[in-house]
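Notes follow the structure.
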Amino acid sequence: MSQVRRQAALRPRPSWGWQDAAACRGEDLVLFFGPDGERQPEREIRERKAKEICAQCPVRTECLDYAISRPEKYGTWGAMNEDERASERRRRMRRANAA
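Position 4 (the sequence shown) corresponds to 4 in UniProt numbering; numbering is contiguous.
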């Protein structure tokens, strides 16, 4: 058991400093993580508003890279929703495998 703790302690922890400069800081989380049972038309409107905030964000790239590396399964991160991030993750994996 102590070996597992040591290995976990040796793993690099993600830097969260970029979040301090995020344009979404202080915004309502529901804008980026929709409520359960949200219907498609409302989701599209909400995601569009979230992506407008992301488009002006100085740390959008760091946010997206974080979400893809985890991988974050829910919400809008780096101006991409879940499906868009999954596509971007696959694209990055293909690019890395081709190199």
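Beta carbons: idealized from backbone N, C-alpha and C, even for Gly.
Small disclaimer: the values here were computed from a predicted structure and weren't measured.
Residue interval of the alpha helix (DSSP H) (run including residue i)
i, result
"P46", "It should be noted that the sequence gives Arg, not Pro, for residue 46. Taken as a continuous stretch (DSSP letters only), the alpha helix (DSSP H) holding R46 covers 40-55."
"A67", "60-69"
Contact belief for residue i with residue j at Cβ below 8 Å, rounded distance in angstroms
i, j, result
"I53", "A23", "5 Å"
"I68", "E47", "Their Cβ separation, rounded to whole angstroms, is 17 Å, which puts I68 and E47 out of contact at 8 Å."
"A21", "P58", "5 Å"
"K73", "E82", "6 Å"
Those residues which DSSP pairs with residue i across a bridge
i, result
"W77", "M80"
Close-in-space but distant-in-sequence residues of the same chain around residue i (CB under 7 Å, 5 per side omitted)
i, result
"A8", "Caution applies to A8, whose pLDDT of 47 falls short of 50 and renders its modelled position unreliable; the value that the coordinates give is listed next. Result list for A8: empty, nothing under 7 Å."
"E27", "I53"
"K49", "L31"
"A98", "none"
"R91", "none"
Nonlocal neighbours in the same chain, by C-beta distance under 8 Å from residue i, ignoring five residues either side
i, result
"R25", "Q19"
"T61", "G78"
Own chain partners of residue i with C-beta closer than 6 Å, once the 5 adjacent residues on each side are dropped
i, result
"C63", "W77, G78"
"M1", "Confidence at M1 is low in this model, with a pLDDT of 45, below 50, so the placement of that residue should be treated as unreliable; the coordinate-derived value is given next. Taken in chain order, the list of residues that qualify is empty."
"W51", "Looking at the sequence itself, residue 51 is Lys, so the reference to Trp does not match. Answer for K51: A79, listed in chain order."
Short CB-CB distance (under 8 Å) between residue i and chain B
i, result
"F32", "The structure shown has no chain B; it contains just one protein chain."
Touch test, the segment 28-40 against the segment 72-91, Cβ-Cβ under 8 Å, three pairs minimum
Taking 8 Å as the limit for Cβ pairs, the verdict is that the segment 72-91 does touch the segment 28-40.
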